[in-house]
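Scroll down for the structure; my scribbles are underneath it.
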Amino acid sequence: MTGVDDLDVLAETFLVQIGYLPKGYDPRSAGALTVRDSIPYRLFMDFFMKHPSKVWTAEELASLLDTSKPTIYRHINKLRSMDLLENADVVADDGSVRKGFRVRYGDLEKAWSFTEANVSLAMENYKKTVLRFQQLAKERAEKN
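Quick note, the sequence shown lines up with residues 384 to 527 if you use this note's numbering.
Laid out in structure tokens, this is it:
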């Protein structure tokens, strides 16, 4: 995709590749005409990517996207599970502190590096588990 110059085409492809948007996603079932009109796409592109350092509350995003908080949380949790978003506090006008979200480190490239590091660590741990599993399975087979 490095030769693609259309940000929206690249974004759609990337969001499908990382599993944020399901392959074959049909936004019409959610009332949007195209993927780019859909809640998950707009949440990512119009809010988190346009303002990666800004901390957004779920209430604020739900209001701006004219949807429910559970819908916003469903999509935020997908991005958080990939370590692309981080929690941050927002101080409201009345002085109360609310839970908010932003792109990790305020930068997608840095967020992705964090994701890569976690994936590498997980893969190393899986490999150790497989090696140990194989060793124990072999020892059991030799005893029988």
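All residues carry an ideal CB built from backbone N, CA and C; glycine is no exception. Since the model is a prediction, treat every value here as computed from it, not as a measurement.
Using CA coordinates, which residue listed in the options is at the minimum distance from residue i?
i	options	result
GLY489	ASP476, LEU444, MET432 and LYS526	MET432
LEU447	PHE516, GLU469 and SER421	SER421
ARG487	ARG481, GLU507, SER496 and HIS458	SER496
LEU491	THR512, LYS406, ARG411 and PHE430	PHE430
How long is the line joining the alpha carbons of residue i and residue j, rounded to whole angstroms?
i	j	result
LYS510	MET465	21 Å
ASP472	GLU499	25 Å
GLU442	ASP389	31 Å
LEU467	THR450	22 Å
LEU462	LYS437	16 Å
VAL418	ASP476	35 Å
GLN400	TYR424	13 Å
LEU404	GLN517	36 Å
HIS458	GLU469	13 Å
GLY402	ARG515	31 Å
Where does residue i sit, in a helix, a strand or coil, going by DSSP?
i	result
ALA471	strand
THR440	strand
PRO453	helix
ALA500	helix
TYR424	helix
PRO435	coil
LEU416	coil
PRO405	coil
MET384	coil
Does the beta-carbon of residue i have 16 or more other beta-carbons within 10 angstroms, so that it is buried, or is it exposed?
i	result
SER503	exposed
ARG485	buried
LYS526	exposed
ALA444	The sequence given here has Leu at residue 444, not Ala. LEU444 comes out buried.
GLY483	buried
Who pairs with residue i in a beta bridge, going by DSSP?
i	result
GLY485	The amino acid occupying residue 485 in the given sequence is Arg; Gly does not appear at that position. Bridge partners of ARG485: GLU469.
VAL480	VAL474
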